[in-house]
Amino acid sequence: MPGGGGSQADDARAFREAVRVVLGELGPSDRAGQGLPFLPELPGRGATASMTGRSLAVLEGLDVDLQPAGWRLTGTSGTPGLDHRRTRSLLAQDLDTLEELADGYEGAFKIQVAGPWTLAATVEKPRGEKVLSDHGARRELAESLAEGLADHVADVRRRLPNLDRLVVQVDEPALAAVLGGAVPNASGFHRLRSVDRSEASALLGQVLDVVSGAGAEPWVHACAAGTPWALVRGAGARGLVVDLGVLGAADHDVLAEAFEAEETVVLGVVPGTDPGVLPTEAGVVARVERWLDMLGLDPASGHLGLAPACGLAGASAHDAREALTLLRASASRLS
């Protein structure tokens, strides 16, 4: 859902509307099949509200600033610059809005943060080149994210004290490219060396372990083909959020194993790039039932969720509401 694209007041109103949509469509009601409300992200408000900017606001012990080429680490001074203060301030304001509108909310809730490998593939070191290029820098970034995430989870629980379940979705859209040596360097003329799978698992696992230790449920989301779901699950993810349209044969087997182990599998079945053109409820249900039948799975025997294929960042408030209504109705029919 885009931001207002105008003044701060317009953007604040857009965020309030997004929260109302999420709580209204996915929160508890007398309708069957409660959804999973979440903290919206509106990247249309600018870099401080992007997936990367939002996640950098959570870092502990590392400072960042915004350059023409994107976000860059600036060191460990403990004195955040203007851009870093802005992204932290925006997150705090959004949490204030959530706390106000979700006052008294009981049930489950989800927050999102970019994972260590997606951040490493996106953020640059102080003197240039991406964090991904430096073994020590990517380890330090993952540690900073993990430490800050523990505080972030505690803050959300303080603001929403009646939650009986908090999910932390770690977004790793770049993980497949990191492992495949497909991430371009800062100049764009070369590709950075691929990362060893054991290191990829270890740093991702470090962040997921912190989520579990904070009393939340760690999920991992990626909508890129080739995402190593067995590695993700082995690193400690207890929820896998996938785009059903890009899965390979081996992916299906991993998801079936997770489902049978009573972990959560969330299938992306609604397009995020053109949310104004939605499938029918019957079409969504039939597509998911075919997938379940192919794997011999009973939807009532596991934890199955439905979601947009890769977010709704380009959707209007109206289109987002329609998509969430469709997903909730489809999930109710399946259950």
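The opening position of the sequence shown corresponds to residue 52 in my numbering, with each subsequent residue numbered one higher. All C-beta atoms, glycine included, are put in the ideal place defined by N, C-alpha and C.
Inter-residue Cα distance where the pair is residue i and residue j
{"i": "H186", "j": "L117", "result": "22 Å"}
{"i": "Y156", "j": "L141", "result": "22 Å"}
{"i": "P167", "j": "V109", "result": "12 Å"}
{"i": "R209", "j": "R216", "result": "13 Å"}
{"i": "R136", "j": "L146", "result": "15 Å"}
{"i": "L291", "j": "F240", "result": "33 Å"}
{"i": "A288", "j": "W270", "result": "5 Å"}
{"i": "G274", "j": "R384", "result": "The residue you asked about is not Gly; residue 274 is Cys in the sequence shown. Going by the C-alpha atoms only, they are around 25 Å apart."}
{"i": "A276", "j": "P88", "result": "26 Å"}
{"i": "G362", "j": "T130", "result": "33 Å"}
{"i": "A309", "j": "H303", "result": "10 Å"}
Spatially closest choice to residue i from the options, by CA coordinates
{"i": "T278", "options": "P269, A265 and D294", "result": "D294"}
{"i": "E373", "options": "L346, P322, D344 and D349", "result": "P322"}
{"i": "L252", "options": "G239, P235 and G285", "result": "Sequence check: residue 252 is Ser here, not Leu. It is G285."}
{"i": "A193", "options": "G158, L93, F66 and L124", "result": "L124"}
{"i": "G353", "options": "D61, S367, L107 and V316", "result": "V316"}
{"i": "G266", "options": "K161, W122 and A120", "result": "K161"}
{"i": "E191", "options": "P359, E175 and A98", "result": "E175"}
{"i": "E268", "options": "E151, C361 and V219", "result": "V219"}
{"i": "A351", "options": "A358, E314 and V207", "result": "E314"}
Own chain, CB closer than 7 Å to residue i, minus 5 neighbours either side, in chain order
{"i": "A153", "result": "L74 and L211"}
{"i": "S58", "result": "none"}
{"i": "A165", "result": "M102, T103, S106 and D222"}
Cut-off 6 Å between Cβ atoms - residues of its own chain near residue i, not counting five sequence neighbours on either side
{"i": "A380", "result": "E332"}
{"i": "S101", "result": "P94"}
{"i": "A197", "result": "Q257, V258 and V261"}
{"i": "L254", "result": "P167 and A193"}
{"i": "R67", "result": "T148"}
{"i": "D134", "result": "D116 and L117"}
Beta-carbon proximity list for residue i, same chain, < 8 Å, skipping 5 on both sides
{"i": "R248", "result": "L230, P279 and L282"}
{"i": "G126", "result": "L113, D114 and P177"}
{"i": "V234", "result": "A172, K181, L183, A225, A228, R242 and L243"}
Beta-bridge pairing of residue i - partner residues as DSSP gives them
{"i": "P167", "result": "Looking at the DSSP assignment, P167 forms no beta bridge with any residue, so it has no partner."}
{"i": "T315", "result": "G290 and H354"}
{"i": "R123", "result": "D116 and E175"}
{"i": "F160", "result": "L217"}
{"i": "E373", "result": "BP columns for E373 are empty, so no partner."}
{"i": "D222", "result": "A165 and H272"}
7 Å Cβ cutoff met for residue i and residue j
{"i": "G179", "j": "A227", "result": "no"}
{"i": "G199", "j": "E111", "result": "yes"}
{"i": "R105", "j": "E92", "result": "yes"}
{"i": "L329", "j": "L377", "result": "yes"}
{"i": "A307", "j": "L346", "result": "yes"}
Interface flag, residue i vs chain D, CB-CB below 7 Å
{"i": "V297", "result": "No chain D appears in the structure shown, which is made up of a single protein chain."}
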